[in-house]
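Residue numbers (the working numbering): 3 to 484.
Glycine included, every Cβ here is placed at the ideal spot set by N, Cα and C.
Contents: one structure, followed by commentary.
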Amino acid sequence: MASQVLVAANRGPLSYALSDQGTLSARRGGGGLVSGLSAALAQQPEALWICAALSEADREAVRRGVAEPGVRMLDIDPTVYDDAYNGIANSVLWFTHHHLYNVPREPVFDARFRQQWQSYVAYNKAFAEALAEEAAEGARVLVQDYHLALVPGALRELRPDLRIAHFTHTPWASYEFLRMLPDDIRSQLMWGMLGADVVGFHTWAWAHTFMGGAHLDDERGIAQPMSPAGTGGERYIQKSPWSPVRHKRTDVAVYALGVDADELRALAHRPEVDEKLAQLRAEVGDRKAIVRVDRTELSKNILRGLLAYRELLTVHPEWRGRVVHLASAYPSRQDLKVYREYTESVRELAEEINAEFGTADWRPVLVSVKDDFARSLAAYRMADVALVNPVRDGMNLVAKEIPVVSEAGCVLVLSTGAGAYQELRADALTVNPFDVTETAEALHAALSMPDEERAGRTQRLAAAATALPPSAWFTAQLDALA
Ligand code: G6P
């Protein structure tokens with residue numbers, strides 16, 4: 003049966019594992035996109051989620067036809083998939099949008115890149131075709147993230163009747179970074195994005211960089227702003243030759259994803275989380291806890307976070323033995339060497355700090371480099387301080403989750419690079435992500451904050467965090483397409 007509401011994202015709500023005996027088991031996918039969308043789609047039983055098979059186990063699940071209802075996994079050729087996901091999406095587009103390039107050496111756009119780009123085009127086309135096949139007349143389609151930037155344009159050519167939104171969960175690159183891409187590639191990217199009726203971001207900071215880039219490319223004929231940037235409801239007219247058929251206008255909008263407090267608190271109070279909490283409490287004792295939870299991801303700035311903690315212990319020795327840094331850095335994108343090396347550096351630096359300051363009964367840093375959602379939730383409950391210091395990041399849902407779940411209230415140390423910065427800055431201690439000394443001082447101020455002030459801030463942070471829970475976030479985007 004054709005669907006009225008469709009979502010397309012690289013990652014699906016679950017992924018499979020294949021045991022030696024050949025049995026398949028499903029587990030929840032990681033990252034902000036999956037947690038937000040899964041929660042939203044729980045309220046939309048009719049919707050279809052189209053995603054890629056990410057692993058051999060997922061492909062086996064497709065072959066055996068075991069996919070969950072409401073989910074269609076695309077079995078894309080593994081080489082094409084690897085080039086599109088690791089080669090382009092995670093090594094080029096992610097690095098561009100997060101400004102992660104080490105410019106003296108990267109990026110290098112050579113023949114190999116061109117080959118990978120063709121795979122990215124093919125992978126986007128596979129999504130566009132599947133959506134065109136599954137969508138009912140006039141259906142609404144919500145395409146997610148930088149993996150699928152070409153889908154709106156391609157889908158509009160196939161199905162001009164559809165209403166299409168694209169949502170970016172990452173930042174959007176500043177024009178200096180965007181223009182590093184070869185001109186024809188950047189044009190394809192903008193053509194794809196501007197095929198959507200609505201292009202959405204988590205915060206105006208990223209919506210503005212998108213509009214700035216589209217505006218600067220105006221001379222080249224891609225887009226033309228209709229109202230001044232920053233006034234809300236900005237519109238773009240597309241001009242030929244890039245304009246996908248019969249499409250004239252793209253609105254740029256902001257939907258700041260928040261958390262569902264009741265659901266999150268219920269998750270955080272399951273028996274398995276209670277168990278993890280008891281274990282962590284035994285390790286931490288009555289010391290204060292500085293908590294961070296991220297994917298092991300370059301943009302999260304975990305290393306400078308550890309450096310700041312080391313500086314705290316050096317400059318404010320009164321905290322030695324009285325605080326523990328709980329850092330969950332669960333593995334991510336380990337096919338990429340630079341991520342494996344980053345993960346290793348996180349481990350090494352944590353060990354150095356433990357060797358430098360640790361005593362017989364005090365381990366200053368407890369790092370957990372595995373995917374353990376229950377342990378993360380237990381750490382949220384214990385948090386006295388939450389450290390969220392990305393160099394540049396789409397939203398950082400964790401900055402919203404910890405204040406909602408922390409039992410005694412927590413102080414949020416938040417960097418200006420976080421997507422949540424705009425919404426949470428008033429009640430957080432804000433830092434420049436590159437300034438380790440400032441971050442160390444913010445940790446000191448956070449640990450020293452009087453209970454009353456901390457409680458007030460936590461309450462206001464939790465209110466801001468829950469302003470647009472996933473189901474409302476999703477419905478608002480659907481309504482914009484009506
Ligand atoms: C970010 C992206 C998501 C992605 C998630 C996890 O939040 O915006 O699209 O799913 O990271 O990354 P992964 O590569 O594991 O899907």
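Test: residue i CB closer than 8 Å to a CB of chain B
i: residue 319; result: In summary, chain B is missing from the structure at hand, where a single protein chain is found.
Endpoints, the beta strand (DSSP E) within which residue i is located
i: residue 253; result: 251-256
i: residue 139; result: 137-146
i: residue 466; result: Taken as a continuous stretch (DSSP letters only), residue 466 belongs to no beta strand (DSSP E), being part of the alpha helix (DSSP H) at 453-467.
i: residue 83; result: Where residue 83 is concerned, there is no enclosing beta strand (DSSP E), although the alpha helix (DSSP H) it sits in stretches over 80-84.
i: residue 2; result: Past the boundaries of the shown model lies residue 2; the chain is included only from 3 to 484, so the question cannot be answered.
i: residue 75; result: 73-76
i: residue 30; result: 26-30
i: residue 166; result: 165-169
i: residue 57; result: Premise fails: residue 57 is in no beta strand (DSSP E) and is neither H nor E.
i: residue 332; result: 325-332
i: residue 202; result: 200-203
i: residue 37; result: Per DSSP, residue 37 belongs to no beta strand (DSSP E); it is in the alpha helix (DSSP H), 34-43.
i: residue 417; result: 413-417
Classification of residue i by the beta-carbon crowding that lies within 10 angstroms, buried from 16 upward
i: residue 140; result: exposed
i: residue 149; result: buried
i: residue 48; result: exposed
i: residue 153; result: buried
i: residue 130; result: buried
i: residue 100; result: buried
i: residue 118; result: buried
i: residue 383; result: buried
i: residue 302; result: buried
i: residue 67; result: exposed
i: residue 106; result: exposed
i: residue 147; result: buried
i: residue 60; result: buried
i: residue 281; result: exposed
i: residue 450; result: exposed
i: residue 188; result: buried
i: residue 243; result: Low local confidence applies: a pLDDT of 43 at residue 243 is under 50, so the model's placement there is unreliable, with the coordinate-based value given in what follows. Residue 243 should be labelled exposed.
i: residue 461; result: exposed
i: residue 185; result: exposed
i: residue 19; result: exposed
i: residue 235; result: Because the pLDDT at residue 235 is just 44, under 50, the model does not fix this residue reliably, and the value given afterwards should be weighed accordingly. Looking at its Cβ environment, which holds fewer than 16 other Cβ atoms inside 10 Å, residue 235 is exposed.
i: residue 277; result: exposed
Integer-rounded CB distance, given that residue j should sit under 8 Å from residue i
i: residue 342; j: residue 92; result: Between residue 92 and residue 342 the Cβ distance is about 13 Å, and since that is not below 8 Å, they are no contact.
i: residue 369; j: residue 357; result: The pair is not a contact, with the Cβ atoms about 13 Å apart (cut-off 8 Å).
i: residue 405; j: residue 463; result: 4 Å
i: residue 391; j: residue 306; result: 7 Å
i: residue 54; j: residue 78; result: 6 Å
Minimum C-alpha distance to residue i - residue among the options
i: residue 144; options: 212, 82, 78 and 169; result: 169
i: residue 123; options: 103, 134, 87 and 113; result: 87
i: residue 315; options: 354, 288 and 346; result: 354
i: residue 13; options: 67, 73 and 7; result: 73
i: residue 21; options: 135, 435, 403 and 58; result: 58
i: residue 329; options: 180, 85, 389 and 147; result: 389
i: residue 253; options: 276, 277 and 213; result: 213
i: residue 126; options: 274, 255 and 82; result: 82
i: residue 15; options: 449, 30 and 414; result: 30
i: residue 201; options: 467, 172 and 6; result: 172
i: residue 178; options: 198, 98 and 165; result: 98
i: residue 115; options: 132, 317, 84 and 194; result: 84
i: residue 459; options: 109, 410 and 191; result: 410
i: residue 181; options: 197, 160, 205 and 216; result: 216
i: residue 1; options: 175, 199, 191 and 318; result: For residue 1 there is no data in the structure shown, the boundaries of the chain being 3 and 484.
i: residue 317; options: 443, 4, 53 and 333; result: 443
i: residue 401; options: 310, 210 and 258; result: 258
i: residue 436; options: 448, 447 and 418; result: 418
i: residue 413; options: 385, 34 and 104; result: 385
Span of the alpha helix (DSSP H) around residue i
i: residue 192; result: 185-195
i: residue 304; result: 304-317
i: residue 442; result: 438-450
i: residue 3; result: Here residue 3 belongs to no alpha helix (DSSP H), and DSSP marks it neither H nor E.
i: residue 98; result: 96-99
i: residue 475; result: 472-483
i: residue 177; result: 177-180
i: residue 372; result: Premise fails: residue 372 is in no alpha helix (DSSP H) and is neither H nor E.
i: residue 272; result: Element bounds for residue 272: n/a, residue is neither H nor E.
i: residue 111; result: Note, residue 111: premise wrong, no alpha helix (DSSP H); not H, not E.
i: residue 153; result: 153-160
Cβ-heavy atom distance, residue i to the ligand GDP, below 7 Å
i: residue 396; result: With respect to the ligand GDP, the structure offers nothing, as its ligand set consists of the ligand G6P.
Open item on the list: Quick test of the definition: if touching needs 3 or more C-beta pairs under 8 Å, does the segment 35-54 touch the segment 461-476?
Closed with: The segment 35-54 and the segment 461-476 touch, with no fewer than 3 CB-CB distances between them shorter than 8 Å.
Open item on the list: Count Cβ pairs between the segment 440-454 and the segment 397-405 that sit closer than 8 Å; are there 3 or more?
Closed with: Flag = no, the segment 440-454 and the segment 397-405 do not touch.
- [ ] Evaluate the contact criterion for the segment 290-301 versus the segment 258-267: three or more CB pairs, one atom per stretch, below 8 Å.
- [x] Under the 8 Å Cβ criterion, the segment 290-301 does not count as touching the segment 258-267, having fewer than three qualifying pairs.
Open item on the list: Could you check whether the segment 275-294 touches the segment 424-431, counting it as contact only if at least three pairs of C-beta atoms, one from each stretch, sit closer than 8 Å?
Closed with: Counting Cβ pairs under 8 Å, fewer than three are found: no touch.
TODO: Could you tell me whether the segment 373-387 touches the segment 268-276, using the rule of 3 or more Cβ pairs below 8 Å?
DONE: Segments in contact, yes.
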